[in-house]
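Asks:
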C-alpha cells in the first residue's frame, strides 16, 4: 500500500461516522432496574424487552453495575439463585478507581469515541453530562446498524 493509499484509508476510517454523535443512533430510552428487584422480575422484564444486559441503579439512581441476563438465568436454572434473591447479589459491579477512569458517554459524544470505548466494553451507558440519569444503552451492534442505515464510504 502506498503512502497516499494509507492516508486515504485512515481518512475513510476516521470519517466512517461523518461527524455523527451518540444522539444520532436514536437509541430507545434506557431501561434500568433498582438494586433490590428480585431476579425473577429482572429476567421477565429483560425478556419482555429483548435486553441481554440491564443496568442496576442504587437508591439515588446512580449506576452500580449491570446484570447479564443469560448468565443470571443459567444460575437460576442451575439452582444457584433463588427467584426472590435481589439482583444486586448477581450483578457485575462497575469498576471505579483512579486507575480505571470513568468514561463519560453523553448524547453529544462523537461515535468515534463510543467505538473506542466499546473496543474494551460490551456496552456503554449513555448519561447526561452530570451522570445523574441513564438515558440509553449503546452497543457495537448499534454502531453497525447506524453505519448500515446511513451507508459508508468503505
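In this note's numbering, the protein residues as written are 3 to 156.
Where a beta carbon is used, it is the ideal one built from N, C-alpha and C, also for glycine.
The structure presented is a predicted model; accordingly, all values stated were derived computationally and were not measured.
1) Is it the case that the stretch 17-24 contacts the stretch 106-123, given that we only count it when at least three CB pairs across the two stretches are under 8 Å?
2) By how many angstroms is the C-alpha of residue 131 removed from the C-alpha of residue 140?
3) Relative to the C-alpha of residue 93, which candidate in 107, 104, 74 has its C-alpha closest?
4) Is it buried or exposed, residue 104, if we count other Cβ atoms within 10 angstroms and call 16 or more buried?
5) Can you tell me which of the three DSSP states residue 92 falls into?
6) Please say whether residue 57 and residue 128 have beta carbons closer to each other than 7 Å?
7) Which first and last residues belong to the beta strand (DSSP E) in which residue 127 is found?
8) How many Å lie between residue 69 and residue 97 at the Cα?
9) Leaving aside the five residues before and after residue 123 along the sequence, list all residues of the same chain whose C-beta is less than 8 Å from its C-beta, in chain order.
10) Consult DSSP for residue 136 and reduce its assignment to one of helix, strand or coil.
11) With residue 49 as the anchor, note down where its beta strand (DSSP E) starts and where it stops.
12) Pick out whichever of 86, 49, 143, 31 has its Cα sitting closest to the Cα of residue 37.
13) Is residue 10 helix, strand or coil when you go by DSSP?
Replies: On the basis of the data shown:
1) yes
2) The residue labelled residue 140 in the question sits at position 138 within the chain shown. The residue labelled residue 131 in the question sits at position 129 within the chain shown. One C-alpha to the other measures close to 16 Å.
3) The sequence position of residue 93 within the chain shown is 91, counting from 1. Among 107, 104, 74, the Cα nearest to that of residue 93 is on 74.
4) Locating residue 104 in the chain shown gives position 102, counting from the first residue. So residue 104 counts as exposed.
5) Position 90 of the chain shown, counted from the first residue, corresponds to residue 92. In the three-state DSSP reduction, residue 92 falls in the coil class, being neither helix nor strand.
6) Counting from 1 along the chain shown, the entry for residue 128 is found at position 126. Counting from 1 along the chain shown, the entry for residue 57 is found at position 55. No, these two residues do not count as a Cβ contact at 7 Å.
7) The residue given as residue 127 occupies position 125 in the chain shown. According to the DSSP assignment, residue 127 belongs to the beta strand (DSSP E) that extends over 126-129.
8) In the chain shown, the residue the question calls residue 69 occupies position 67. In the chain shown, the residue the question calls residue 97 occupies position 95. Taking the CA atoms as reference points, residue 69 sits about 14 Å from residue 97.
9) For this step, residue 123 is matched to residue 121 along the chain shown. Result list for residue 123: empty, nothing under 8 Å.
10) Against the chain shown, residue 136 aligns to sequence position 134. Three-state DSSP puts residue 136 in a strand.
11) The count along the chain shown starts at 1 and reaches residue 49 at position 47. From DSSP, residue 49 is part of no beta strand (DSSP E) but of the alpha helix (DSSP H) over 41-51.
12) Start at 1 with the first residue of the chain shown, and residue 37 comes out as number 35. For the residues 86, 49, 143, 31, the minimum Cα distance to residue 37 belongs to 86.
13) For the purposes of this step, residue 10 is identified with residue 8 of the chain shown, where counting begins at 1. Caution applies to residue 10, whose pLDDT of 38 falls short of 50 and renders its modelled position unreliable; the value that the coordinates give is listed next. DSSP, reduced to helix, strand and coil, places residue 10 within a helical segment of the structure shown.
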